[in-house]
Amino acid sequence: SCIYCRGLYGKLRALASSTLSPLQYTAISSSIRAILIRSHSSSQEIINSVAFIGFRPGAGSYLCSKEANMKLLNTSILLLIIATLALKGQCKISGTVTDRHGSPIIAANVYIENSYDGSSTDDNGYFQFDSSLAGKQTLLVSYLGYLDYEAVLDLGAREVQHDVELKEDFEVLEAVVITAGSFEASDKKKAVVLKPIDIVTTAGATGDISGALNTLPGTQKVGEEGQLFVRGGDSHETRTFIDGMYVQNPYSSKVPDIPGRGRFSPFLFTGTSFSTGGFSAEYGQALSSALILETGGVADRNSTNVSIMAIGLGVSQTNCWEKASLSANVDVNNLEPLFRLTNNNIDWEIFPKGYGSGLAFRYKPGKSSILKFMGNYSFTNLAFNMPNFQDTNLSDRFALDNHNVYGNLSYRDILSEDISLFAGLSYTYNRDQLALNQFGLKNDEQSVQARLTLSRFFAGSTKLKVGLETNFNKLDLRKMEATSHFDTGVKRSYNAAFAESDLYLSGSLLARIGLRFEYDSLLDRVNLAPRLSTAYKLNPYSQISAAFGHYYQTPASEYLLVKPNWQNERSDHYMLNYQLSKNNRIVRAEVYNKQYKQLVRFSEESFNPTDYDNSGNGYAKGIDLFYRDRKSIKYADFWISYSYLDSERFYLDYPEQASPGFSSKHNFSLVYKHFVPALKTQFGATYSFTSGRPYENPNLAGFNESRSKQYQDLSVNASYITQIKGNHTVLFVSMSNVPGFEQEFGFEFKEQPDEFGFFDSQAIRPPNKRFYFAGLFISLEKK
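Position in the sequence shown counted from 1, then plus 98, gives you the numbering used here.
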């Protein structure tokens with residue numbers, strides 16, 4: 099309240115602000131205030147001689163004592179000397195900060211390292227400040243989205259002019275990403291997102307990853323398989339990877355005319371990247387597409403979950419510590435109660451049943467490192483009788499026992515500021531014991547994969563990734579008949595190396611260049627597979643992408659048993675993509691052309707290994723359209739997919755080039771989800787349409803000239819959120835093919851014609867016209 103101190107403080111601050119830099123001014127202003135407080139006297143004696151201060155006493159004000167005036171006068175003289183000395187030897191530093199196009203960068207931080215000397219740029223990118231430092235000093239400039247800039251300046255002169263050009267840090271900006279052929283389910287990239295909750299709430303998918311992905315463009319609905327068929331490619335041409343490691347048997351074992359399912363729950367994964375073509379050089383042995391799944395990190399809380407379902411029971415437990423978590427689950431499945439309640443056209447001898455268990459361990463030894471382990475075991479058993487279409491007096495018995503083990507160990511770390519490491523090891527064991535009447539087949543397959551990848555960032559605008567991988571595969575096959583049996587097998591190793599670089603040519607243009615080297619010991623073949631992708635950002639919301647690449651895949655195991663000296667099958671991908679993402683809406687269009695070479699060929703009637711070769715070829719071309727909207731309708735999320743496919747092949751035992759039996763020209767899906775807050779319920783519906791698929795009709799000239807009936811399905815589901823004694827609970831119900839559409843997947847024909855030369859036939863239909871599911875999922879925690 100002392101007007102003397104207030105006035106002197108104000109005058110000294112005014113002097114400081116006119117002569118010092120902003121940071122110097124802040125520092126000395128605080129010092130002035132502290133010194134005056136220490137010098138101030140508590141006496142309230144009024145002093146009349148205060149005219150030089152420029153203040154008049156007001157209500158509630160007082161002046162220091164006369165003795166205090168002398169102290170303050172001495173203090174003021176001292177501070178004026180300090181301010182004067184600060185002006186001596188000062189250097190004025192100025193300049194402009196721009197980007198590489200010469201545009202000014204506003205509010206960039208400009209300062210001398212290890213000092214308070216600095217300023218910020220104005221609307222023209224201009225900066226100016228004074229420094230009392232001398233000699234060589236380091237000037238630093240920083241701005242979000244750009245690389246930090248530094249330069250050594252000599253401050254011996256009275257004025258230093260220094261202009262700065264900042265370079266974009268594209269790794270921070272993520273200005274443009276590759277979208278050609280890629281559907282990302284990651285928050286990092288602006289592409290189509292299908293999170294785990296999206297997958298399990300998609301009607302008709304029955305909680306299966308492949309079922310949900312079949313609603314995206316580029317896929318063909320093959321109802322009797324339940325696997326991914328992508329852009330004219332067979333299901334084995336799509337490969338699955340978990341945490342960067344190849345999965346040998348991602349689906350349940352094949353059963354005649356009954357769709358399979360994926361072996362893994364979508365809730366195991368935090369990221370799901372589905373590439374319909376043109377994928378990275380990091381992944382190989384896939385002619386058509388790659389499904390890349392990423393598991394989660396260390397769990398954040400303890401939990402116990404119980405699942406009570408129409409098909410069985412499940413229990414899982416997760417325990418957490420400061421740097422680690424351990425999860426375990428056990429599932430028991432038995433479809434007998436469900437199938438007995440529904441109309442089922444299969445004569446089950448042993449209803450499908452099985453059990454499984456899993457273990458997941460996560461450990462973070464450091465801030466930037468994580469060690470992951472996951473292991474799964476499953477067993478399935480079933481048997482049924484089916485009418486023998488060739489002889490109506492007979493029936494055929496089919497039985498299956500399957501054991502599957504999968505383990506995955508991976509480690510990730512950031513070794514330095516610009517180098518990261520990935521190392522992985524995986525193991526798969528699968529045993530199928532099949533029986534068809536008196537014929538038996540025992541198929542044991544094992545694989546081990548090791549992988550090492552290093553990534554390096556250069557100056558923020560270039561990323562280089564290099565890697566090595568090795569795979570060992572062993573197949574043992576034993577066939578047993580009533581009168582004889584024989585054993586056969588094959589061992590092979592597959593080794594690969596790759597290098598891939600992301601080059602940010604500007605904030606709007608990205609090029610990804612890759613090369614993959616592959617060697618298969620059984621085939622004794624070396625392949626070089628170049629890959630190139632590019633993307634150009636048109637504006638903040640849209641971009642175009644293009645991709646090209648060569649892709650190789652070893653022929654399927656059944657052909658390796660016939661002869662070892664194959665070539666690798668090959669496909670060449672060409673794609674052009676446009677994508678617009680704005681206001682929770684995504685529009686996407688992509689055209690593609692895929693050329694097949696070196697496909698397996700053999701004569702229909704010949705089992706002579708010399709008649710098997712790689713003379714097959716083919717093509718697949720078309721357009722994929724996609725629209726997703728989470729904005730237009732409150733509490734709603736929907737997407738629309740359409741694909742047009744033109745595909746033909748001359749391979750296997752095809753007598754001529756023809757459309758393969760799994761391809762369909764037109765595929766359409768509409769997925770709609772709506773949450774009703776008042777009911778705490780999400781309702782969902784999916785409508786799917788697929789045009790007829792080709793099949794061979796011996797009653798017609800030509801090959802694969804007939805088309806099956808068009809496929810339609812309307813499925814619905816509902817998820818009700820509630821609590822049971824304070825525990826979070828979800829009741830889920832679903833039904834597929836609600837209208838009861840007649841669905842068929844081709845025809846089976848008699849081997850011999852009747853007396854009129856006509857081959858009789860019967861349609862191949864799903865085992866159930868509708869499929870029902872209900873489940874109660876309880877989380878035993880009070881949150």
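Backbone N, C-alpha and C fix where the C-beta goes; we use that ideal spot for every residue, glycine too.
Bear in mind the structure is a predicted one, so any value in this text is a computation, not a measurement.
If you count every other CB in all the chains shown that lies within 10 Å of the CB of residue i, and 16 or more means buried, which is it?
i, result
"S201", "exposed"
"Q696", "buried"
"R686", "buried"
"H671", "buried"
"R747", "buried"
"K692", "buried"
"A289", "Confidence at A289 is low in this model, with a pLDDT of 37, below 50, so its placement is unreliable and the value that follows should be read with caution. Flag for A289 reads buried."
"I822", "exposed"
"A458", "buried"
"F482", "buried"
"L513", "exposed"
"R198", "exposed"
"G802", "Gly is not the amino acid found at residue 802; the sequence shown has Asn there. With 16 or more other Cβ atoms within 10 Å, it is buried."
"F91", "Past the boundaries of the shown model lies residue 91; the chain is included only from 99 to 881, so the question cannot be answered."
"G838", "exposed"
"T55", "Outside the shown range of the chain, which is 99 to 881, sits residue 55, and nothing can be said about it."
Taking just the CA atoms, how far does residue j sit from residue i?
i, j, result
"F700", "D711", "7 Å"
"Y742", "Y725", "15 Å"
"P865", "L829", "26 Å"
"Y475", "P348", "12 Å"
"R39", "I448", "In the structure as shown, the chain starts at 99 and stops at 881, and residue 39 therefore has no counterpart that could be examined."
"G844", "Q860", "9 Å"
"S51", "D511", "Residue numbering for the chain in the displayed model covers 99 to 881; residue 51 lies beyond these limits and cannot be assessed."
"L436", "K421", "43 Å"
"V51", "I862", "A question about residue 51 goes unanswered here, because the residues of the chain that appear run from 99 up to 881."
"E849", "Q808", "26 Å"
"Q755", "G505", "41 Å"
"S508", "D341", "7 Å"
"I145", "S230", "Because I145 carries a pLDDT of 38, less than 50, the predicted location of this residue cannot be relied on, and no value is offered for it."
"Y749", "Y717", "11 Å"
"R868", "D727", "29 Å"
"L492", "H583", "24 Å"
"G454", "K352", "18 Å"
Quick one: give me the first and last residue of the beta strand (DSSP E) that residue i is part of.
i, result
"F854", "Taken as a continuous stretch (DSSP letters only), F854 belongs to no beta strand (DSSP E), as it is neither H nor E."
"I566", "Reading the sequence as shown, one finds Leu at residue 566 and not Ile. Unbroken beta strand (DSSP E) run through L566: T560 to M578."
"A633", "R623 to N637"
"G782", "T779 to T788"
"Y509", "S493 to I512"
"I468", "S467 to P485"
"R256", "Premise fails: R256 is in no beta strand (DSSP E) and is neither H nor E."
"P450", "D445 to G464"
"F615", "L607 to D618"
If the criterion is Cβ atoms closer than 7 Å, does the pair residue i and residue j meet it?
i, j, result
"T708", "L659", "no"
"Q531", "K572", "no"
"N569", "Y592", "yes"
"Y650", "N666", "yes"
"T526", "N500", "no"
"K680", "Y639", "yes"
"S599", "K635", "no"
"F871", "A816", "no"
"N427", "G410", "no"
"L264", "V258", "no"
"E794", "F487", "no"
"A734", "A301", "no"
"K778", "I819", "yes"
So residue i is in the alpha helix (DSSP H); what residue range does that whole segment cover?
i, result
"V298", "P294 to V298"
"Y657", "S655 to L658"
"L439", "E434 to L439"
"G522", "Unbroken run through G522 is the beta strand (DSSP E), I517 to L534; no alpha helix (DSSP H)."
"S308", "I307 to L311"
Looking at residue i and the ligand SAH, is the gap between the Cβ and the nearest heavy atom below 6 Å?
i, result
"G855", "Ligands in the displayed structure: none, and consequently the ligand SAH is not present."
Can you find a C-beta in chain D that's less than 7 Å from the C-beta of residue i?
i, result
"Q665", "Among the protein chains of the structure shown there is no chain D, as only one such chain exists."
> On the three-pair Cβ rule with 8 Å, is the segment 740-759 touching the segment 295-307?
Replying inline: no
> Are there three or more Cβ pairs, one per stretch, closer than 8 Å when the segment 368-384 is compared with the segment 316-332?
Replying inline: yes
> Between the segment 189-209 and the segment 223-235, do at least 3 Cβ pairs fall closer than 8 Å?
Replying inline: yes
> Does the segment 716-725 come within contact of the segment 310-323, defined as at least 3 CB pairs closer than 8 Å?
Replying inline: yes
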